[in-house]
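Before any comments, here is the structure.
In my numbering, the protein residues as written are -10 to 139.
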């Protein structure tokens, strides 16, 4: 069995299928995060977006960037030893630019760079790349994180 060193972060994400957009966290430190996700070709949203030409909606590309680049990084910054039973999160702002489509079954890689984390507010610059290494989208995301079991 292959050990995934940051699986503890994925396990603490406050999402589940069908709204979990993280397969693996590849790297994370105090200033950045990187992870991957493969968009399932049979996902229900492809049926209507768009007829006969399925493309991943931009809002879901943003969500994938937020789950990997913002929330996963935030969980890491809170610490592996910290008991997180009731993580509360909320996106406070997003500004994204979409450059290429993502199709069903496509694997993407998200990177994030920390702008700041203070007073429970986390802000990051994120980028998403396709399997060819081409930039799919980029932007700035910010959100609030709090733990309510302390």
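Backbone N, C-alpha and C fix where the C-beta goes; we use that ideal spot for every residue, glycine too.
Problem - Secondary structure, beta strand (DSSP E): runs of 3+ residues fully inside the stretch 52 to 120 - result: 76 to 87, 96 to 107 and 110 to 118
Exercise for the section: For residue 25, write down the residues that DSSP places opposite it in a beta bridge. Expected result: Against the chain shown, residue 25 aligns to sequence position 36. Answer is 13 and 98, bridged to residue 25.
Practice task
Say whether the stretch 29 to 45 touches the stretch 54 to 62, bearing in mind that this needs 3 or more beta-carbon pairs closer than 8 Å, one atom from each stretch.
Solution key: no
Problem - Own chain, CB closer than 7 Å to residue 24, minus 5 neighbours either side, in chain order - result: In the chain shown, the residue the question calls residue 24 occupies position 35. Result list for residue 24: 11, 13, 14, 15, 57, 61 and 99, in chain order.
Problem - Alpha-carbon spacing of residue 139 relative to residue 133, whole angstroms - result: Here the question's residue 139 lines up with position 150 in the chain shown. Here the question's residue 133 lines up with position 144 in the chain shown. Reliability of the predicted coordinates at residue 139 is poor, the pLDDT of 48 falling under 50, and no value is obtained from them.
Exercise for the section: Taking the CB atoms as reference points, tell me whether residue 50 and residue 117 lie closer together than 8 Å. Expected result: Locating residue 50 in the chain shown gives position 61, counting from the first residue. Locating residue 117 in the chain shown gives position 128, counting from the first residue. Cβ atoms of residue 50 and residue 117: closer than 8 Å.
Practice task
Could you round the C-beta distance between residue 101 and residue 22 to whole angstroms and report it? I think they count as a contact, below 8 Å.
Solution key: To locate residue 101, count along the chain shown from 1; it is residue 112. To locate residue 22, count along the chain shown from 1; it is residue 33. Confirmed, about 5 Å.
Practice task
Report the three-state DSSP secondary structure of residue 131 (helix, strand or coil).
Solution key: As a first step, residue 131 must be located in the chain shown, where it is residue number 142. Note: residue 131 maps to strand in three-state DSSP.
Handout entry: Anticipated Cβ contact below 8 Å, residue 89 with residue 127, distance rounded
Key = Residue numbering aside, residue 89 sits at position 100 when the chain shown is read from its first letter. Residue numbering aside, residue 127 sits at position 138 when the chain shown is read from its first letter. Contact doesn't hold; Cβ gap of about 11 Å is too wide.
Problem - Helix, strand or coil at residue -4 [DSSP, three-state] - result: For the purposes of this step, residue -4 is taken as the residue at position 7 of the chain shown. In the structure shown, residue -4 sits in a helix (DSSP, three-state: H, G or I).
Problem - Inter-residue spacing [alpha-carbon to alpha-carbon] between residue 85 and residue 113 - result: In the chain shown, the residue the question calls residue 85 occupies position 96. In the chain shown, the residue the question calls residue 113 occupies position 124. One C-alpha to the other measures close to 12 Å.
Problem - Three-state class that DSSP yields for residue 50 in the structure shown - result: The sequence position of residue 50 within the chain shown is 61, counting from 1. Helix.
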